[in-house]
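Chemist:
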Amino acid sequence: MTALRPLAAGMRAAAAEGRTVVPVDGFVLYLAPESSAPHLSLAIPSETAPTDWRAALAALPAAFAAQGRSARIEAFVELHPGLVEAAASLGWRTAMTAPVMALVRGSLTPMPAGAAAYRAFDPADDARLTAALRGAHLAFGGSEDDPDATSWRPRLLRGLANGAILAGAVDVDGVPRAGAALQRGGDVAELAGVWTHPAFRRRGLAHAACHALLAAGFAAGVAQAWLSAAEGALTLYQRLGFERVGTQVNLDAP
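The numbering of the sequence shown is this note's numbering, which starts it at 6 and goes up by one.
Next comes the structure, spelled out in structure tokens:
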């Protein structure tokens with residue numbers, strides 16, 4: 006649990022970047038102003054637990070609706086005893102349960118020779134950014150033509166400009182085919198959005214992208230990186246040096 010506290014602080018700091026922050030009982034809402042896409046806004050439990058989780062959870066959907074957003078929660082299970090059980094009793098749906106893994110500066114496993122070349126995103130290179138966003142959307146089960154495929158663009162561009170986000174991709178024949186992002190909150194950063202185009206998997210591209218991105222993040226002052234590991238991705242992150250420290254749960258309103 007001790008290892009999770011600085012990660013939770015970093016999570017809240019990163020979530021606040023560019024979002025409208027609304028404290029409510031038991032939670033803090035982080036609302037994306039540029040889009041109502043559900044995945045761009047979230048609630049994170051506040052540092053002080055409410056007297057009654059059920060009451061706080063029951064009020065949360067209306068607080069989101071008042072802002073024109075759908076209610077969703079991201080939380081570290083071990084830091085908030087009773088939250089998951091109370092949410093289940095009220096019909097909240099578990100969208101994700103995943104291991105939380107952490108990596109401190111100096112513990113990144115050396116990269117093997119001959120790895121694919123990684124390039125950070127240039128905000129001025131709109132064509133490459135668009136190709137990467139569409140490729141990532143496809144990798145996560147969507148369609149490259151889906152309007153939501155590029156919904157993260159405004160936040161990504163803002164973060165690249167102010168240093169809150171580090172991101173890039175590995176290209177094959179001039180087209181981004183695997184990539185990732187580091188979302189910074191103080192000296193803690195979340196490794197997120199790790200993707201590989203379905204036609205280019207099992208070539209080590211995501212490993213090369215993550216390694217180069219983490220190395221750049223640590224060089225830029227990140228002290229610790231963390232992530233929530235998707236099913237089947239544990240080996241990738243263990244190869245980079247990550248170790249499990251807890252569990253993340255994402256909850257959608259009933």
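All residues carry an ideal CB built from backbone N, CA and C; glycine is no exception. Keep in mind the model is a prediction, meaning the values are calculated, not measured.
1. Distance, Cα to Cα, residue 255 vs residue 34?
2. Give the list of continuous beta strand (DSSP E) stretches no shorter than 3 residues that lie fully inside the segment 104-171.
3. Take residue 169 and list the residues in its own chain whose beta-carbon comes closer than 6 Å to its own, dropping the five residues that flank it on each side.
4. Out of 146, 185, 202 and 97, which has the shortest C-alpha to C-alpha gap to residue 194?
5. Under the three-state reduction of DSSP, which class applies to residue 221: helix, strand or coil?
6. Would you kindly work out how many angstroms separate the C-alpha atoms of residue 218 and residue 75, rounded to a whole number?
7. Quick one, which of 181, 209, 177 and 161 has its alpha-carbon nearest residue 187's?
8. Roughly how many whole angstroms lie between the Cα atoms of residue 163 and residue 52?
9. Quickly, what does DSSP pair residue 173 with across the bridge? List them, please.
10. For residue 97 and residue 38, I'd like the C-alpha separation in whole angstroms.
11. What do you reckon, are the CB atoms on residue 212 and residue 249 nearer than 8 Å?
12. Just the Cα atoms here: how many angstroms apart are residue 240 and residue 128?
13. With DSSP run on the structure shown, which of helix, strand or coil describes residue 198?
14. How far does the beta strand (DSSP E) with residue 233 in it reach, from first residue to last?
15. Residue 90 by DSSP, collapsed to three states: which one?
16. Three or more C-beta pairs under 8 Å: does that hold for the segment 196-203 against the segment 76-84?
17. So the candidates are 206, 78 and 14; which of them puts its Cα closest to the Cα of residue 62?
18. What does DSSP give as the partner residue(s) for residue 251 in the beta ladder?
Modeler: With the structure as the only source:
1. On the sequence shown, residue 255 is found 250 positions in, with the first residue counted as 1. On the sequence shown, residue 34 is found 29 positions in, with the first residue counted as 1. About 14 Å.
2. 123-125, all fully within the segment 104-171.
3. The residue given as residue 169 occupies position 164 in the sequence shown. Taken in chain order, the residues that qualify are 22 and 189.
4. Residue mapping note: residue 194 aligns to position 189 of the sequence shown, counting from 1. Out of 146, 185, 202 and 97, the CA that lies nearest to the CA of residue 194 is found in 185.
5. If you number the sequence shown from 1, residue 221 lands on position 216. Note: residue 221 maps to helix in three-state DSSP.
6. On the sequence shown, residue 218 is found 213 positions in, with the first residue counted as 1. On the sequence shown, residue 75 is found 70 positions in, with the first residue counted as 1. Straight-line spacing of the CA atoms in residue 218 and residue 75 works out to 32 Å.
7. Here the question's residue 187 lines up with position 182 in the sequence shown. Out of 181, 209, 177 and 161, 161 has the C-alpha closest to the C-alpha of residue 187.
8. Looking up residue 163 in the sequence shown gives position 158. Looking up residue 52 in the sequence shown gives position 47. Looking at the two C-alpha atoms, the distance is approximately 27 Å.
9. Against the sequence shown, residue 173 aligns to sequence position 168. In the DSSP output, where bridge partners are listed per residue, residue 173 has 125 and 185.
10. If you number the sequence shown from 1, residue 97 lands on position 92. If you number the sequence shown from 1, residue 38 lands on position 33. About 25 Å.
11. For the purposes of this step, residue 212 is identified with residue 207 of the sequence shown, where counting begins at 1. For the purposes of this step, residue 249 is identified with residue 244 of the sequence shown, where counting begins at 1. In this structure, residue 249 does not lie closer than 8 Å to residue 212 by Cβ.
12. For the purposes of this step, residue 240 is identified with residue 235 of the sequence shown, where counting begins at 1. For the purposes of this step, residue 128 is identified with residue 123 of the sequence shown, where counting begins at 1. When rounded, the distance between both Cα atoms is 32 Å.
13. Taking the sequence shown and counting its residues from 1, one reaches residue 198 at position 193. Strand at residue 198.
14. In the sequence shown, residue 233 corresponds to position 228, counting from 1. Looking at the DSSP string, the run of the beta strand (DSSP E) that includes residue 233 is 229-233.
15. Looking up residue 90 in the sequence shown gives position 85. The answer is helix: DSSP assigns residue 90 an H, G or I state.
16. Counting Cβ pairs under 8 Å, fewer than three are found: no touch.
17. Walking along the sequence shown from the start, residue 62 turns up at place 57. If we check each option's Cα against that of residue 62, 78 comes out closest.
18. For the purposes of this step, residue 251 is identified with residue 246 of the sequence shown, where counting begins at 1. Bridge partners of residue 251: 105.
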